[in-house]
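**Q** Read left to right, the sequence shown gives residues 228 to 339 (my numbering).
Sharing a structure below in structure tokens format, with a few things to ask.
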Amino acid sequence: IKRITGFLRLNPVLTANAEGKMGLAGFHAGLGARPARLARTVLRKMDPGTVYRVVIAHANNEAGATETRHRILEQHGRIHSCHITDAGPALGVHFGPGGIIAGFCPEPEVLG
Numbered sequence: 228i229k230r231i232t233g234f235l236r237l238n239p240v241l242t243a244n245a246e247g248k249m250g251l252a253g254f255h256a257g258l259g260a261r262p263a264r265l266a267r268t269v270l271r272k273m274d275p276g277t278v279y280r281v282v283i284a285h286a287n288n289e290a291g292a293t294e295t296r297h298r299i300l301e302q303h304g305r306i307h308s309c310h311i312t313d314a315g316p317a318l319g320v321h322f323g324p325g326g327i328i329a330g331f332c333p334e335p336e337v338l339g
């Protein structure tokens, strides 16, 4: 898949289901990280009435992660927390230098 997506200049978008299984959710056109496009994809997956926790990890692309965070916070009014962190080497090796990944989950109703 990597050869095909590289040749066609597509970035795969992966997602996890409720059971934690990873799967292909689509593609983003172009090479490299696309913060605006990633934010749009994340926002489409979120329910506007639900409160979420968000984490954005990057591999030497703090500016891209910051832009992604800004766009998510600007367009979704119910974000409890949205943090940026460095991607560790085990994750960064899979999406390469400059890569960005965003994860989110609904805020638990009762914290304890």
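C-beta atoms are modelled at their ideal positions from N, C-alpha and C, and glycine is treated no differently.
In this text, all values refer to a predicted model and were calculated from it rather than measured experimentally.
Per DSSP, what kind of secondary structure is Leu-318 in: helix, strand or coil?
**A** helix
**Q** Whole angstroms is fine: what's the gap from Gly-291's alpha carbon to His-255's?
**A** Approximately 15 Å between the Cα atoms of the pair.
**Q** Measuring CA to CA, which of Lys-272, His-307 and Phe-322 is closest to Ala-314?
**A** Phe-322
**Q** Applying the criterion that 16 or more other CB atoms from any shown protein chain within 10 Å of the CB defines a buried residue, is Gly-326 buried or exposed?
**A** Looking at its Cβ environment, which holds 16 or more other Cβ atoms inside 10 Å, Gly-326 is buried.
**Q** I'd like the list of long-range same chain contacts for Ile-299, defined as Cβ closer than 7 Å, with 5 residues on each side in sequence excluded.
**A** Ala-266, Val-269, Leu-270, Val-281, Ile-306 and Cys-309
**Q** What is the C-beta distance between Tyr-279 and Pro-333, in whole angstroms, given that I count them as a contact (C-beta under 8 Å)?
**A** 6 Å
**Q** For Ala-290, report the span of its alpha helix (DSSP H) as first-last.
**A** 289-302
**Q** Going by DSSP, what residue range makes up the beta strand (DSSP E) through Pro-239?
**A** 237-243
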